[in-house]
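Peer 1:
2 protein chains.
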Amino acid sequence: MRILLADDHPLTLMGTKAFVEALGYMVEDVCSNGITAFNLISTHKPNIAILDINMPGMDGLEVLEKVNRHKLPTRVILLTMHKEMTIFNKANQWGVAGYILKEHAQEELQKCLEVVKRGEQYVSKNLESDLVIDAPTSDQNYTIEKLTFTEKKILELIAQQKTSRQIADMLFISEKTVEGHRSSIIQKLELPKEKNTLLIWATKHFK
Amino acid sequence: MRILLADDHPLTLMGTKAFVEALGYMVEDVCSNGITAFNLISTHKPNIAILDINMPGMDGLEVLEKVNRHKLPTRVILLTMHKEMTIFNKANQWGVAGYILKEHAQEELQKCLEVVKRGEQYVSKNLESDLVIDAPTSDQNYTIEKLTFTEKKILELIAQQKTSRQIADMLFISEKTVEGHRSSIIQKLELPKEKNTLLIWATKHFK
DNA sequence: ACTCAAGTAGGGGGAAACCCCTGTTTTGTG
DNA sequence: CACAAAACAGGGGTTTCCCCCTACTTGAGT
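In the order they appear, the protein sequences are chains A and B.
Quick note on numbering: the first sequence equals residues 1 to 207 in the UniProt record's numbering.
Quick note on numbering: the second sequence equals residues 1 to 207 in the UniProt record's numbering.
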């Protein structure tokens, strides 16, 4: 198992290196920016690359995307502070092998490396509860299109901070029906569960 | 020279520890939150404490302030990503012994420790050019200023979509206390009694 | 005629936010 | 010291959100 590390914070880089080595892995290369990281991945083809997302030049997401597009054999683990849903979704879409929040690195990195070594995907256990809805971007209008007419109508009312009871009264339907629609919307938008998150999403994406 | 380190990112903590030890200093204690840091400073009275600013419970600034007020002999170095003027100004006002940006830690920490050891103050060379004016004091900030320190801290965590339970765990206080603070915040901001308005207000006014 | 998606509606339950009330302790300042 | 503000903590309550599950109706394909 040859591993490459990239992080622009030298102290974190040293800490990660020491930790990974203590787990019995061989750290072949370290670097502090994405361009170098990608060059090293291209030439040395390490088994695993552990990348920070915030790096000058090319960030970890871009490196992941290029690794994916060039069909390089290296499996990419993103070790990051970013909790934004869209970032995780992009990483996922580009075939990330592992996604860990820095704050939980100590407990999870070992597990993650084992899972990734077996060729499976590891996602931080804590991520679900930590995911944050971020600001709207252009390509998210696309996901709204998956909603049906009634769902969009209800979503707009949610953005206006109406409760399910109020929406039900306005549309002359049962509160239970509104709740049913809310559930479908949440499913279609792939919002994290167990959280009061639809309302925030709605207020950020409408008005 | 006995040194205490506090940082809530375990990897950075390890990296800093390795680095400081490589410079020939003795790291007496490490911890990952401000409350523990202050307790350790009170009891062990290390010569130097190197603190992160972002920590759950009590942040590095608060620890500095308490060390200052209790006239403890420990000299405090803040090792941080924060470039905001007001943060640095507060640190300065509370007698910070050193202020270093994490991105320049490698080049500056050694120099800083020597200077602080001599009893002088060290400020990151890069800081002047990096200092950022924080958000302008518009009318929204005016109302925020009516909040107490703890209330602001909790408001930020609400903006990060933490539940009261999670906030309570992070700050080592009871869930009931967090709920009490929420109520005070709502009163001070004169928010409507409807559900979740605080959450929406917070996400719109922070970040 | 049959299928499928949409919309409708209900039971039951859990988590979280917010309200009311009551206290105590800590801390800063006059 | 005294007083007020702040933080801390608890009981008990309501509403809302969101989940699970099941159903029925309707309209539009191929």
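All C-beta atoms in this analysis are idealised placements derived from N, C-alpha and C, irrespective of residue type, glycine included.
If you follow the beta strand (DSSP E) that A/Glu28 is part of, which residue opens it and which one closes it?
Peer 2: Residue numbering aside, residue 28 of chain A sits at position 28 when the first sequence is read from its first letter. Residues Met26 to Cys31.
Peer 1: For B/Ile186, does the three-state DSSP call read helix, strand or coil?
Peer 2: Here residue 186 of chain B is taken as the residue at index 186 of the second sequence, counted from 1. Helix at B/Ile186.
Peer 1: Kindly indicate which residue of B/Glu28, B/Lys17 and B/Ser183 has the alpha-carbon position closest to the one of B/Thr150.
Peer 2: As a position in the second sequence, residue 150 of chain B is number 150, starting the count at 1. If we check each option's Cα against that of B/Thr150, B/Ser183 comes out closest.
Peer 1: With a Cβ-Cβ cutoff of 8 Å, do B/Asp29 and B/Leu40 count as a contact?
Peer 2: As a working note, residue 29 of chain B is residue 29 in the second sequence. As a working note, residue 40 of chain B is residue 40 in the second sequence. Yes, these two residues count as a Cβ contact at 8 Å.
Peer 1: Just to make sure I have the definition right: I need the residues of chain B whose C-beta is within less than 8 Å of the C-beta of A/Ala18. Which are they?
Peer 2: By 1-based counting over the first sequence, the position of residue 18 of chain A is 18. Ordered by position in chain B, the residues that pass the 8 Å Cβ test against A/Ala18 are Met14, Gly15 and Ala18.
Peer 1: Thinking B/His9 and A/Glu103 are a contact (beta carbons under 8 Å), I'd like their distance in whole angstroms, please.
Peer 2: Translated into positions along the second sequence, residue 9 of chain B becomes position 9. Translated into positions along the first sequence, residue 103 of chain A becomes position 103. Sure, about 6 Å apart at Cβ, within 8 Å.
Peer 1: Looking at the C-beta of B/Glu194, does it have a partner C-beta in chain A at a distance below 8 Å?
Peer 2: Translated into the one-based positions of the second sequence, residue 194 of chain B becomes position 194. Closer than 8 Å to some Cβ of chain A, the Cβ of B/Glu194 qualifies, so yes.
Peer 1: Check this for me: beta carbons of B/Gly60 and B/Leu72, under 8 Å apart or not?
Peer 2: The residue given as residue 60 of chain B occupies position 60 in the second sequence. The residue given as residue 72 of chain B occupies position 72 in the second sequence. Not closer than 8 Å, so no.
Peer 1: Of all the CB atoms in chain B, is at least one closer than 8 Å to the CB of A/His82?
Peer 2: Position 82 of the first sequence, counted from the start, is the residue given in the question as residue 82 of chain A. Chain B contact via Cβ: absent.
Peer 1: Which whole-angstrom value is the C-beta distance of A/Thr203 and A/Ala159, which I expect to be below 8 Å?
Peer 2: Within the first sequence, numbered from 1, the residue matching residue 203 of chain A stands at position 203. Within the first sequence, numbered from 1, the residue matching residue 159 of chain A stands at position 159. Contact holds; Cβ gap of about 5 Å.
Peer 1: Could you spell out the range, first to last residue, of the alpha helix (DSSP H) harbouring B/Arg69?
Peer 2: As a first step, residue 69 of chain B is located in the second sequence; it is residue number 69 there, counting from the start. Gly60 to Arg69 is the span of the alpha helix (DSSP H), which, as asked, contains B/Arg69.
Peer 1: Can you name the start and end residues of the alpha helix (DSSP H) that A/Gly15 belongs to?
Peer 2: Here the question's residue 15 of chain A lines up with position 15 in the first sequence. Start and end: Pro10 to Ala22.
Peer 1: Classify B/Asn33 as buried or exposed, calling it buried when 16 or more other Cβ atoms lie within 10 Å of its own Cβ.
Peer 2: Within the second sequence, the letter at position 33 stands for residue 33 of chain B. Buried is the call here.
Peer 1: Please state the DSSP three-state secondary structure of A/Val115.
Peer 2: On the first sequence, position 115 is the one that residue 115 of chain A refers to. Reduced to three states, the DSSP call for A/Val115 is helix.
Peer 1: Got a sec: which bits of the region 94-108 of chain B sit with their beta carbon under 7 Å from any beta carbon on chain A, in order along the chain?
Peer 2: So the list reads Lys102, Glu103, Ala105 and Gln106, given in the order they occur along the chain.
Peer 1: Would A/Val63 and A/Ala91 qualify as a contact pair, given that the criterion is a beta-carbon distance under 8 Å?
Peer 2: What you label residue 63 of chain A is simply residue 63 of the first sequence in a count that begins at 1. What you label residue 91 of chain A is simply residue 91 of the first sequence in a count that begins at 1. Against a cut-off of 8 Å, the Cβ pair of A/Ala91 and A/Val63 comes out as no contact.
Peer 1: Among the residues of its own chain, which have a CB less than 6 Å from the CB of B/Trp94, if the five just before and after it don't count?
Peer 2: Within the second sequence, numbered from 1, the residue matching residue 94 of chain B stands at position 94. Contacts found: Leu64, Glu65 and Asn68.
Peer 1: What residues from the UniProt domain "HTH luxR-type" (140-206) of chain A come within 8 Å of chain B, judged by C-beta to C-beta, listed N to C?
Peer 2: The UniProt domain "HTH luxR-type" (140-206) of chain A vs chain B, Cβ under 8 Å: Gln161, Thr163, Lys195, Asn196, Thr197, Leu199, Ile200, Thr203 and Lys204.
Peer 1: Which class does A/Val123 belong to by DSSP, given the choice of helix, strand or coil?
Peer 2: Counted from its first residue, the first sequence places residue 123 of chain A at position 123. Here A/Val123 sits in strand by DSSP.
Peer 1: May I ask which residues mark the beginning and end of the beta strand (DSSP E) holding B/Ile77?
Peer 2: Mapped onto the second sequence, residue 77 of chain B falls at position 77. Here the beta strand (DSSP E) through B/Ile77 covers Arg75 to Thr80.
Peer 1: Secondary structure at A/Ile50, three-state DSSP: helix, strand or coil?
Peer 2: Counting from 1 along the first sequence, the entry for residue 50 of chain A is found at position 50. Residue state, collapsed to three classes: strand.
Peer 1: Whose CA, out of A/Lys188, A/Ser164, A/Ser174 and A/Ala6, lies closest to the CA of A/Met58?
Peer 2: For the purposes of this step, residue 58 of chain A is identified with residue 58 of the first sequence, where counting begins at 1. Measuring from the Cα of A/Met58, the nearest candidate turns out to be A/Ala6.
Peer 1: Grab me the residues of B/Thr197's own chain with a C-beta within less than 6 Å of its C-beta, minus the 5 sequence neighbours each way, in chain order.
Peer 2: Position 197 of the second sequence, counting from 1, holds the residue named residue 197 of chain B. Closer than 6 Å at Cβ, skipping near neighbours: Leu191.
Peer 1: Determine the extent of the alpha helix (DSSP H) in which B/Ala202 is found, giving its start and end residues.
Peer 2: Position 202 of the second sequence, counting from 1, holds the residue named residue 202 of chain B. Where B/Ala202 is concerned, the enclosing alpha helix (DSSP H) stretches over Thr197 to His205.
Peer 1: Within its chain, find whatever has a CB closer than 7 Å to the CB of B/Leu147; leave out the 5 residues flanking it on each side and keep chain order.
Peer 2: For this step, residue 147 of chain B is matched to residue 147 along the second sequence. Around B/Leu147: Leu155, Ile185 and Lys188.
Peer 1: A/Tyr25: which of A/Leu113, A/Lys125, A/Ile200 and A/Arg165 sits nearest, CA to CA?
Peer 2: Working through the first sequence from its first residue, we reach residue 25 of chain A at position 25. Checked all of A/Leu113, A/Lys125, A/Ile200 and A/Arg165; the closest Cα to A/Tyr25 is A/Leu113.
Peer 1: Which chain B residues are close to A/Pro10, counting only those with a beta carbon under 7 Å from its beta carbon?
Peer 2: Indexing the first sequence from 1 puts residue 10 of chain A at position 10. Here the neighbours are Ala105 and Gln106.
Peer 1: Would you mind sorting B/Phe19 into buried or exposed? The rule is 16 or more other CB atoms within 10 Å of its CB.
Peer 2: As a working mapping, residue 19 of chain B is identified with position 19 in the second sequence. Answer is buried; the Cβ neighbour count reaches 16.
Peer 1: Helix, strand or coil for residue 212 of chain A? Go by DSSP, reduced to three states.
Peer 2: Outside the displayed range of chain A (1 to 207) lies residue 212 of chain A, so it cannot be described from this structure.
Peer 1: With 16 as the cutoff for other CB atoms within 10 Å, does B/Pro46 come out buried or exposed?
Peer 2: On the second sequence, residue 46 of chain B is found 46 positions in, with the first residue counted as 1. Buried, by the Cβ-count rule.
Peer 1: Got a sec, what are the start and stop residues for the alpha helix (DSSP H) A/Ile167 sits in?
Peer 2: Locating residue 167 of chain A in the first sequence gives position 167, where the first residue counts as 1. Unbroken alpha helix (DSSP H) run through A/Ile167: Ser164 to Leu171.
Peer 1: Please state the DSSP three-state secondary structure of B/Glu145.
Peer 2: On the second sequence, residue 145 of chain B is found 145 positions in, with the first residue counted as 1. Of the three classes helix, strand and coil, the one that applies to B/Glu145 here is coil, per DSSP.
Peer 1: Can you pull the DSSP bridge partners for B/Ala6?
Peer 2: In the second sequence, residue 6 of chain B corresponds to position 6, counting from 1. B/Ala6 is bridged to B/Cys31 and B/Leu51.
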